[in-house]
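J.: Every position in the sequence shown, counted from 1, becomes a number in the numbering used here once 4 is added.
Glycine is no exception: its CB is placed at the ideal position from the N, C-alpha and C atoms.
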Amino acid sequence: MSDTDIATEIRPTSRGTTVERVVRHLREGILNSRYSPGQRLIEADLTRDLGVSRGPLREAFRRLSAEGLLETVPNRGALVRRLSLQETVELFQIRTELEALAARLAAQNMAEPEIRAAFEAAIDPIWAEAPRLSPMAYLEENKRFHDAIVGASGNCQLVTLHRQLQLPLIMFQVSGGLTADMLCRSVSEHRDIARAILDGDSRKAETALRGHLDRATALTRHMPASTFRPAATGD
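Written out as structure tokens, the structure reads:
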């Protein structure tokens with residue numbers, strides 16, 4: 005094989021690796037609050053900071069837009085997606101139905117030792133007695149808990165759909181309105197849901213899960229308008 009052939013094989017792989025690295029960096033930055041909803045991602049700054057060219061960066065923007073984490077606005081470029089109140093409520097409604105199913109299936113699967121052990125390990129943080137004083141720290145615990153329920157459902161398609169909802173992005177956007185009392189109550193509800201699942205009580209698990217997310221949806225409706233992207237005319 006000639007040097008030219010080797011270079012031809014390496015370049016696509018290298019570029020692909022670069023794109024994946026940029027995607028991973030930006031995704032983690034968005035979901036871990038380094039980039040805020042509505043923030044513009046400036047190409048010149050990112051190419052310099054990440055040491056990449058515009059090609060891989062723009063491909064990363066395209067992939068993250070397809071995931072629903074970014075949006076492209078004419079004359080402004082790529083922005084971290086910021087949801088309107090209506091979009092947030094609608095996504096919560098979809099999430100409630102998906103996770104209600106997941107809770108029911110997870111409870112039915114608790115007789116399987118491997119699934120039960122994995123679920124128990126994943127939700128272990130919810131039993132900690134320390135008060136949740138930081139919304140950001142709580143969001144990671146919250147994500148882990150809800151992901152564990154969906155994972156224990158054993159339904160791969162459900163896992164994929166749940167991931168596409170970008171729950172961490174939704175939760176981060178509303179995190180500014182979370183009080184210590186809200187966090188405490190949410191943790192208590194997580195424990196009730198977990199106990200029902202571990203007991204194998206699918207009906208009780210689904211009911212507790214629905215109550216938990218219905219309350220979260222109601223709280224979202226009462227958050228300040230500044231929390232959300234203004235609705236487009238006609239919405």
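1) Considering only their Cβ atoms, is the gap separating Ala209 from Glu193 smaller than 8 Å?
2) Going residue by residue through the segment 141 to 219, where are the continuous beta strand (DSSP E) segments of at least 3 residues, counting only ones entirely within it?
3) Return the CA-CA distance between Leu45 and Gly55, expressed in angstroms with no decimal places.
4) By Cβ distance, which residues of its chain are closer than 6 Å to Gln112, with the 5 residues on each side in sequence left out?
5) Grouping DSSP H, G and I as helix and E and B as strand, with all else coil, what is Gly72?
6) Indicate the three-state DSSP secondary structure (helix, strand or coil) for Gly59 in the structure shown.
7) In or out: Arg108 buried (at least 16 other Cβ within 10 Å) or exposed?
8) Among Thr92, Glu75, Arg80 and Gly42, which has the Cα closest to the Cα of Asp218?
9) Using only alpha-carbon positions, find the residue among Ser37, Leu137, Glu63 and Ala121 that is nearest to Thr21.
10) Could you name the residues of the same chain whose beta carbon sits closer than 6 Å to that of Thr12, not counting the 5 residues immediately before and after it, in chain order?
11) Would you mind sorting Pro234 into buried or exposed? The rule is 16 or more other CB atoms within 10 Å of its CB.
12) Excluding the 5 residues preceding and the 5 following Gln168 in the sequence, name in chain order all residues of the same chain whose CB lies nearer than 8 Å to its CB.
13) Taking the beta strand (DSSP E) that Leu83 falls in, what are its first and last residues?
14) Considering only DSSP beta bridges, list what Val77 is partnered with.
15) According to DSSP, simplified to helix, strand and coil, what is Arg136?
16) Are the CB atoms of Phe123 and Gly221 within a distance shorter than 8 Å?
17) Leaving out the 5 sequence neighbours to the left and right, which residues in its chain are closer than 8 Å to Gln177 when beta-carbon positions are compared?
18) Are Ala104 and Arg225 closer than 8 Å when you measure CB to CB?
19) Check each candidate in Ser57, Arg136, Leu102 and Leu74 and name the one with the smallest Cα separation from Leu187.
20) By Cβ distance below 7 Å, which residues in the same chain neighbour Phe149 in space, the five residues on each side in sequence not counted?
21) Could you tell me the alpha carbon to alpha carbon distance between His29 and Arg58, rounded to whole angstroms?
T.: Here's the rundown:
1) no
2) none
3) 15 Å
4) Ser206
5) coil
6) helix
7) buried
8) Thr92
9) Glu63
10) Caution is warranted here: a pLDDT of 33 is assigned to Thr12, below 50, making its placement in the model unreliable, and no coordinate value can be reported.
11) exposed
12) Glu71 and Gly72
13) Gly81 to Val84
14) Gly81
15) coil
16) The sequence as given places Thr at residue 221; Gly does not occur at that position. The answer is no: Cβ separation not under 8 Å.
17) Pro41, Arg86, Leu87, Thr92, Thr231 and Phe232
18) no
19) Arg136
20) Ile127, Ile130 and His194
21) 15 Å
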